[in-house]
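A.B. asks:
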Amino acid sequence: MDLNVKHGDSDKLRSGCVVVGISAPKRLSAAAERLDKASHGQLTALLKSADIDTDCGKTTLIHSPNGKVQASRILVAGCGKDKHLAPKDFIKIAAATARTLQASRVTDALSYLTELDVKDRDLVWKAQQIAIASRDVVYRFDELKSDAKPPKKPLRRLSVAVSSRDHLDEAKTGVANGVAIANGIDLARTLGNRPGNFCTPTDLAKQARDLKKAYSELKVEILDEKAMEKLGMGSLLSVSRGSRQPARLIVMQYQAGEKSDKPVVLVGKGVTFDSGGISIKPGAAMDEMKFDMCGAASVFGTVSAVAELGLPINLVGVIPATENLPDGDASKPGDVVTSMSGQTIEVLNTDAEGRLILCDALTYAGKFDPAVVIDIATLTGACIVALGNHTAALMSNHQALADDLLDAGQIAFDRAWQLPLWEEYDEQISSNFADMANIGSPGAGSITAASFLARFTKDYRWAHLDIAGVAWKSGKEKGATGRPVPLLMQYLMNRLEA
Ligand code: BES
Ligand code: MN
Ligand code: ZN
Numbered sequence: 057m058d059l060n061v062k063h064g065d066s067d068k069l070r071s072g073c074v075v076v077g078i079s080a081p082k083r084l085s086a087a088a089e090r091l092d093k094a095s096h097g098q099l100t101a102l103l104k105s106a107d108i109d110t111d112c113g114k115t116t117l118i119h120s121p122n123g124k125v126q127a128s129r130i131l132v133a134g135c136g137k138d139k140h141l142a143p144k145d146f147i148k149i150a151a152a153t154a155r156t157l158q159a160s161r162v163t164d165a166l167s168y169l170t171e172l173d174v175k176d177r178d179l180v181w182k183a184q185q186i187a188i189a190s191r192d193v194v195y196r197f198d199e200l201k202s203d204a205k206p207p208k209k210p211l212r213r214l215s216v217a218v219s220s221r222d223h224l225d226e227a228k229t230g231v232a233n234g235v236a237i238a239n240g241i242d243l244a245r246t247l248g249n250r251p252g253n254f255c256t257p258t259d260l261a262k263q264a265r266d267l268k269k270a271y272s273e274l275k276v277e278i279l280d281e282k283a284m285e286k287l288g289m290g291s292l293l294s295v296s297r298g299s300r301q302p303a304r305l306i307v308m309q310y311q312a313g314e315k316s317d318k319p320v321v322l323v324g325k326g327v328t329f330d331s332g333g334i335s336i337k338p339g340a341a342m343d344e345m346k347f348d349m350c351g352a353a354s355v356f357g358t359v360s361a362v363a364e365l366g367l368p369i370n371l372v373g374v375i376p377a378t379e380n381l382p383d384g385d386a387s388k389p390g391d392v393v394t395s396m397s398g399q400t401i402e403v404l405n406t407d408a409e410g411r412l413i414l415c416d417a418l419t420y421a422g423k424f425d426p427a428v429v430i431d432i433a434t435l436t437g438a439c440i441v442a443l444g445n446h447t448a449a450l451m452s453n454h455q456a457l458a459d460d461l462l463d464a465g466q467i468a469f470d471r472a473w474q475l476p477l478w479e480e481y482d483e484q485i486s487s488n489f490a491d492m493a494n495i496g497s498p499g500a501g502s503i504t505a506a507s508f509l510a511r512f513t514k515d516y517r518w519a520h521l522d523i524a525g526v527a528w529k530s531g532k533e534k535g536a537t538g539r540p541v542p543l544l545m546q547y548l549m550n551r552l553e554a
């Protein structure tokens with residue numbers, strides 16, 4: 057879908073459909089007001105007869121409007137009663153209108169949702185959210201269907217409209233940001249949606265090389281198992297020995313900031329399939345463990361969006377990629393392995409493999425002299441028990457970094473919620489046979505997992521995002537969400553402004 061920006065009056069611009077907001081009970085936005093006049097009061101008449109639903113997120117499509125309206129249709133977005141919209145309601149409205157446009161086979165539309173008054177958010181934000189929400193609706197994953205047919209009349213073009221020329225620049229900035237972020241989200245979704253046999257560690261490494269071809273500011277290095285062995289990554293390699301697919305450590309360096317700027321390092325869990333290993337998982341929904349590389353996918357999405365926007369920052373993406381399978385040579389419960397940091401780990405459960413690969417990647421991340429390190433991982437089922445599917449869990453050894461990530465999540469509406477990292481939790485991972493165990497005593501599974509990682513991140517500012525509950529949806533809508541690309545992009549953009 058093509059997204060662009062237009063300025064002009066809502067009644068005068070031509071399009072397949074013009075989108076305007078109306079609040080309950082009968083408060084017309086300026087663009088709706090103009091359409092009402094040009095159509096000789098058609099909107100007010102339909103409001104009077106209750107044929108327009110003004111509940112927040114409801115839409116009403118009007119075909120062949122009366123009078124001089126230049127658009128072939130009007131789509132009224134119900135905006136509810138509030139004078140100032142909550143940001144999440146604005147996103148809901150943007151998504152609902154995109155869904156209706158797509159379902160009504162409108163191919164080009166013009167959206168004046170930019171005019172709605174949103175609490176604490178500016179035009180750049182609104183334009184950005186319209187772009188992201190619309191692209192979300194038209195996303196498809198059909199590369200593995202033999203008879204993939206594109207929809208007959210897809211939404212091909214959406215113009216984000218402003219009435220005044222003065223607002224054009226802000227709208228353009230918002231749309232450009234939104235398109236780059238949407239491309240990053242799409243990439244993360246597509247990598248996540250690919251099944252394990254189409255998304256191996258080697259495939260992810262190829263993805264990194266493809267990104268490098270597209271962006272000259274990117275440097276890519278792929279470490280194979282031999283190189284990891286040399287570095288002493290015994291913990292990461294203890295996971296991959298259970299699989300015939302060789303592990304890869306993927307390193308992407310984006311350098312467009314000052315040479316002296318310390319980089320932000322993103323570390324993404326890239327378990328391309330997690331069977332649990334010898335501590336094998338039950339069969340139900342095991343297919344969903346193809347999504348266990350969604351942390352890695354979010355790093356790809358973020359790096360590509362940053363490169364597309366050409367943000368003047370230094371960013372490093374580190375992805376430990378492996379399968380977790382139960383081969384005859386696989387690690388066994390009770391095995392003790394030595395991490396790159398020198399610390400030894402008793403593997404009490406081979407299904408707690410995420411932390412085993414992340415710890416070595418986090419030690420490796422230290423070599424970039426990072427400003428901050430953020431790891432993103434589908435790390436624990438306990439995270440879903442604690443927080444459900446609405447928010448990621450955030451844990452950090454540096455409160456200012458945690459606050460910045462929480463803020464970014466609020467603005468992007470891709471939220472995180474902080475959990476404590478107290479030393480009482482750290483005590484839960486003690487071992488009689490090694491420096492630590494890879495699982496904690498019962499309780500607080502997400503925090504004990506983070507406590508494990510914290511033992512490898514003492515040299516720098518670090519935050520951990522457990523995205524087990526938000527990285528994909530189950531059931532009828534099964535598929536990767538692309539989260540937390542929006543949060544990470546917002547964090548990086550905020551950081552640039554500060
Ligand atoms: N990838 C899983 C975590 C997961 C499970 C995410 C279900 C989303 C949905 C992780 O590798 C894992 O298996 N964790 C174990 C840890 C346990 C053995 C301490 C878990 O959560 O059960
Ligand atoms: Mn596991
Ligand atoms: Zn896992």
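Under the working numbering, the first residue of the sequence shown carries the number 57, and numbering increases by one thereafter.
In this text, a Cβ means the ideal position worked out from N, Cα and C, and glycines have one as well.
This structure is a prediction, so every number in the text was calculated from the model and none was measured.
Which residue wins for smallest C-alpha separation from Asp-242, given the options Cys-350, Ile-130, Ala-433, Lys-148?
C.D. replies: Counted from its first residue, the sequence shown places residue 242 at position 186. If we check each option's Cα against that of Asp-242, Cys-350 comes out closest.
A.B. asks: Following the continuous beta strand (DSSP E) through Ala-448, name the residue where it begins and the one where it ends.
C.D. replies: The count along the sequence shown starts at 1 and reaches residue 448 at position 392. Start and end: 448-452.
A.B. asks: Is Ile-375 helix, strand or coil by DSSP?
C.D. replies: Start at 1 with the first residue of the sequence shown, and residue 375 comes out as number 319. In this structure, Ile-375 counts as strand in the three-state DSSP scheme.
A.B. asks: Does DSSP put Lys-275 in a helix, in a strand, or in coil?
C.D. replies: Here residue 275 is taken as the residue at index 219 of the sequence shown, counted from 1. Lys-275: strand per DSSP, three-state reduction.
A.B. asks: For Pro-542, is the classification buried or exposed, using 16 other Cβ atoms within 10 angstroms of its Cβ as the cut-off for buried?
C.D. replies: To locate residue 542, count along the sequence shown from 1; it is residue 486. Pro-542 should be labelled buried.
A.B. asks: Suppose contacts are defined by Cβ-Cβ distances below 9 Å. Is Val-429 in contact with Val-359 by that definition?
C.D. replies: On the sequence shown, position 373 is the one that residue 429 refers to. On the sequence shown, position 303 is the one that residue 359 refers to. No, they are not a contact pair.
A.B. asks: What is the DSSP secondary structure of Leu-322, counted as helix, strand or coil?
C.D. replies: Residue mapping note: residue 322 aligns to position 266 of the sequence shown, counting from 1. If DSSP states are grouped into helix, strand and coil, Leu-322 belongs with the strands.
A.B. asks: Are the beta-carbon atoms of Ser-291 and Asp-416 separated by less than 9 Å?
C.D. replies: Start at 1 with the first residue of the sequence shown, and residue 291 comes out as number 235. Start at 1 with the first residue of the sequence shown, and residue 416 comes out as number 360. Their beta carbons are under 9 Å apart, which means Ser-291 touches Asp-416 by this criterion.
A.B. asks: Can you list, in chain order, every residue whose CB sits closer than 5 Å to a heavy atom of the ligand ZN?
C.D. replies: Taking each Cβ in turn, the ones that pass are Val-327, Asp-330, Asp-348, Gly-410.
A.B. asks: With a threshold of 8 Å (Cβ to nearest heavy atom), would Glu-285 be considered close to the ligand BES?
C.D. replies: Here residue 285 is taken as the residue at index 229 of the sequence shown, counted from 1. No, Cβ of Glu-285 sits at least 8 Å from all heavy atoms of the ligand BES.
A.B. asks: Is the beta carbon of Leu-69 sitting closer than 9 Å to the one on Leu-166?
C.D. replies: Your numbering for residue 69 matches position 13 in the sequence shown. Your numbering for residue 166 matches position 110 in the sequence shown. Yes.
A.B. asks: If I follow the unbroken beta strand (DSSP E) through Trp-473, where does it start and stop?
C.D. replies: In the sequence shown, the residue the question calls residue 473 occupies position 417. First-last of the beta strand (DSSP E) with Trp-473: 472-474.
A.B. asks: Between Val-174 and Pro-498, what straight-line distance do the alpha-carbon atoms span, to the nearest angstrom?
C.D. replies: Translated into positions along the sequence shown, residue 174 becomes position 118. Translated into positions along the sequence shown, residue 498 becomes position 442. If I take the Cα positions, the gap works out to 44 Å.
A.B. asks: Between the Cα of Ala-408 and the Cα atoms of Gly-113, Gly-234, Ser-335, Leu-103, which residue gives the shortest distance?
C.D. replies: Here residue 408 corresponds to residue number 352 of the sequence shown, with the count starting at 1. The option with the nearest alpha carbon to Ala-408 is Ser-335.
A.B. asks: Give a single yes or no on whether Leu-435 has its beta carbon closer than 8 Å to a heavy atom of the ligand NAD.
C.D. replies: Absence of the ligand NAD is noted for the structure shown, with the ligand BES, the ligand MN and the ligand ZN being the only ligands found.
A.B. asks: Check whether the Cβ atoms of Ile-149 and Lys-325 lie closer than 9 Å to each other.
C.D. replies: Translated into the one-based positions of the sequence shown, residue 149 becomes position 93. Translated into the one-based positions of the sequence shown, residue 325 becomes position 269. No, Cβ-Cβ distance for Ile-149 and Lys-325 is not below 9 Å.
A.B. asks: Less than 8 Å between the CB atoms is what I'm expecting for Ala-127 and Val-74, so what's the real figure, rounded?
C.D. replies: For this step, residue 127 is matched to residue 71 along the sequence shown. For this step, residue 74 is matched to residue 18 along the sequence shown. The Cβ separation is near 4 Å, so the contact holds.
A.B. asks: Taking 8 Å as the cut-off, is the CB of Asn-239 close to at least one heavy atom of the ligand MN?
C.D. replies: Sequence index remark: in the sequence shown, residue 239 carries index 183 (1-based). The answer is no for Asn-239.
A.B. asks: DSSP state of Ser-79, grouped into three classes?
C.D. replies: In the sequence shown, counting from the first residue as 1, residue 79 sits at position 23. DSSP places Ser-79 in strand when its eight states are reduced to three.
A.B. asks: Verify the contact flag: Asn-494, CB atom, against every heavy atom of the ligand MN, threshold strictly below 8 Å.
C.D. replies: Indexing the sequence shown from 1 puts residue 494 at position 438. No - the ligand MN has no heavy atom lying nearer than 8 Å to the Cβ of Asn-494.
A.B. asks: Using only the heavy atoms of the ligand MN, determine whether one of them is closer than 8 Å to the beta carbon of Asp-407.
C.D. replies: Position 351 of the sequence shown, counted from the first residue, corresponds to residue 407. Under cutoff, so the answer is yes.
A.B. asks: Does chain B have any CB closer than 9 Å to the CB of Lys-286?
C.D. replies: No chain B appears in the structure shown, which is made up of a single protein chain.
A.B. asks: Could you compute how far the alpha carbon of Arg-245 sits from the alpha carbon of Ala-527?
C.D. replies: Working through the sequence shown from its first residue, we reach residue 245 at position 189. Working through the sequence shown from its first residue, we reach residue 527 at position 471. Rounded to the nearest angstrom, the two C-alpha atoms are 9 Å apart.
A.B. asks: Which partner residues of Trp-528 appear in the DSSP bridge assignment?
C.D. replies: Along the sequence shown, read from residue 1 onward, the residue named residue 528 stands at position 472. DSSP, once it has assigned bridges, lists Ala-536 as partnering Trp-528.
A.B. asks: Express the C-alpha separation of Gly-136 and Leu-169 in angstroms, rounding to a whole number.
C.D. replies: Translated into the one-based positions of the sequence shown, residue 169 becomes position 113. Translated into the one-based positions of the sequence shown, residue 136 becomes position 80. Cα to Cα, the separation comes out at about 14 Å.
A.B. asks: With which residues is Asn-122 paired in a DSSP beta bridge?
C.D. replies: As a position in the sequence shown, residue 122 is number 66, starting the count at 1. Beta-bridge pairing links Asn-122 to no other residue.
A.B. asks: To which residues of the same chain is Ala-236 closer than 6 Å at the C-beta, ignoring the five residues directly before and after it?
C.D. replies: On the sequence shown, residue 236 is found 180 positions in, with the first residue counted as 1. If we look at Ala-236 and ignore the five residues flanking it on each side, its Cβ neighbours are Ala-361, Glu-364, Leu-365.
A.B. asks: Out of curiosity, what's the CA-to-CA distance linking Asp-107 and Ala-142?
C.D. replies: Stepping through the sequence shown from its first residue, residue 107 is reached at position 51. Stepping through the sequence shown from its first residue, residue 142 is reached at position 86. The straight-line gap from Cα to Cα measures roughly 25 Å.
A.B. asks: Express the C-alpha separation of Ile-278 and Lys-346 in angstroms, rounding to a whole number.
C.D. replies: Walking along the sequence shown from the start, residue 346 turns up at place 290. Walking along the sequence shown from the start, residue 278 turns up at place 222. Those two C-alpha atoms are separated by around 22 Å.
A.B. asks: Is the beta carbon of Lys-175 within less than 8 Å of some heavy atom of the ligand BES?
C.D. replies: The residue given as residue 175 occupies position 119 in the sequence shown. Outside the cutoff, so no.
A.B. asks: Name the residue from Lys-139, Ser-294, Ser-530 whose alpha carbon lies nearest to the alpha carbon of Ala-340.
C.D. replies: Reading the sequence shown from its first residue, position 284 is the one you call residue 340. When each option's Cα is compared against that of Ala-340, the closest is Ser-530.
A.B. asks: Would you mind working out which of Leu-117, Ala-133, Leu-521, Asp-343 sits nearest Ala-28, comparing C-alpha positions?
C.D. replies: Lying before the first or after the last residue shown, residue 28 is absent from the chain, which here runs from 57 to 554.
A.B. asks: Going along the chain, which residues of its own chain have a beta-carbon closer than 6 Å to the beta-carbon of Val-295, five neighbours each way excluded?
C.D. replies: By 1-based counting over the sequence shown, the position of residue 295 is 239. Taken in chain order, the residues that qualify are Thr-378, Asn-380, Glu-409, Leu-412, Ile-413.
A.B. asks: Rounded to a whole number of angstroms, what is the C-alpha to C-alpha distance between Val-392 and Asp-145?
C.D. replies: To locate residue 392, count along the sequence shown from 1; it is residue 336. To locate residue 145, count along the sequence shown from 1; it is residue 89. Answer to the nearest angstrom: the Cα atoms are 51 Å apart.
A.B. asks: Over what stretch of residues does the alpha helix (DSSP H) that includes Ala-159 continue unbroken?
C.D. replies: On the sequence shown, position 103 is the one that residue 159 refers to. Unbroken alpha helix (DSSP H) run through Ala-159: 143-159.
A.B. asks: Identify every residue that forms a DSSP beta bridge with Asn-380.
C.D. replies: In the sequence shown, the residue the question calls residue 380 occupies position 324. Bridge partners of Asn-380: Asp-330.
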